[in-house]
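Take a look at the structure set out below.
Residue numbers (our numbering): 1 to 130.
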């Protein structure tokens, strides 16, 4: 798991980058501000470079996952004659369709979240540049 270490004043933070998308956006903005607030610290400079590279990689990875889930959805989704039918075959098809739909929605949401985190990072870099 990639992690970065950065600090501000007497505070030092070690952040697991894979868990960045689970944090609220307000906290992410604060962490970005901490990384960029003291660029003369060596660990902050390394953290900024690592953050940029990681966000680019995370966006590409999530885009590939979304494309894979979309292709599985297109190849696996099947039409049922009636959603209210309760025979075992229809129930199985409906559950498969539901799982495929959830996978596409989940991967698309993750991709959009990583893109949002990257946009916030770029904005923070312009805001806190010296």
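Cβ atoms here follow ideal geometry from the backbone N, Cα and C, with glycine treated the same way.
Everything numeric in this text was worked out from a predicted model, so none of it was measured.
So the alpha helix (DSSP H) residue 100 belongs to, where does it begin and stop? Looking up residue 100 in the chain shown gives position 100. Note, residue 100: alpha helix (DSSP H), 88-127.
Do you know offhand how far residue 46's Cα is from residue 23's? Residue 46 sits at position 46 when you count from the first residue of the chain shown. Residue 23 sits at position 23 when you count from the first residue of the chain shown. Answer to the nearest angstrom: the Cα atoms are 21 Å apart.
Output the distance between the C-alpha atoms of residue 35 and residue 14, rounded to the nearest integer angstrom. Locating residue 35 in the chain shown gives position 35, where the first residue counts as 1. Locating residue 14 in the chain shown gives position 14, where the first residue counts as 1. Spanning the two alpha carbons is a distance of roughly 11 Å.
State the CB to CB distance for the pair residue 104 and residue 70, rounded to an integer number of angstroms; the pair is presumed to be in contact (CB under 8 Å). Along the chain shown, one-based indexing puts residue 104 at 104. Along the chain shown, one-based indexing puts residue 70 at 70. Rounded, the Cβ-Cβ distance is 6 Å, consistent with contact.
Would a C-beta distance cut-off of 8 Å place residue 29 and residue 124 closer than the cut-off? Within the chain shown, the letter at position 29 stands for residue 29. Within the chain shown, the letter at position 124 stands for residue 124. Cβ distance < 8 Å, so residue 29 and residue 124 count as in contact.
To the nearest angstrom, how far is the alpha carbon of residue 97 from that of residue 60? Along the chain shown, one-based indexing puts residue 97 at 97. Along the chain shown, one-based indexing puts residue 60 at 60. Taking the straight line from one Cα to the other gives about 26 Å.
Count the other CB atoms, across all protein chains shown, that sit within 10 Å of the CB of residue 27; report buried if there are 16 or more and exposed otherwise. Stepping through the chain shown from its first residue, residue 27 is reached at position 27. It counts as exposed.
According to the neighbour-count rule (16 or more other Cβ atoms, all chains shown, within 10 Å of its Cβ), is residue 107 buried or exposed? Along the chain shown, one-based indexing puts residue 107 at 107. Counting Cβ neighbours within 10 Å, residue 107 comes out buried, since at least 16 surround it.
Just reading off the beta strand (DSSP E) that residue 36 is part of, what are its end residues? For the purposes of this step, residue 36 is identified with residue 36 of the chain shown, where counting begins at 1. Counting along the chain, residue 36 falls outside any beta strand (DSSP E), though it belongs to the alpha helix (DSSP H) covering 25-37.
Residue environment, residue 121, which counts as buried when at least 16 other CB atoms sit within 10 Å: As a position in the chain shown, residue 121 is number 121, starting the count at 1. Residue 121 comes out buried.
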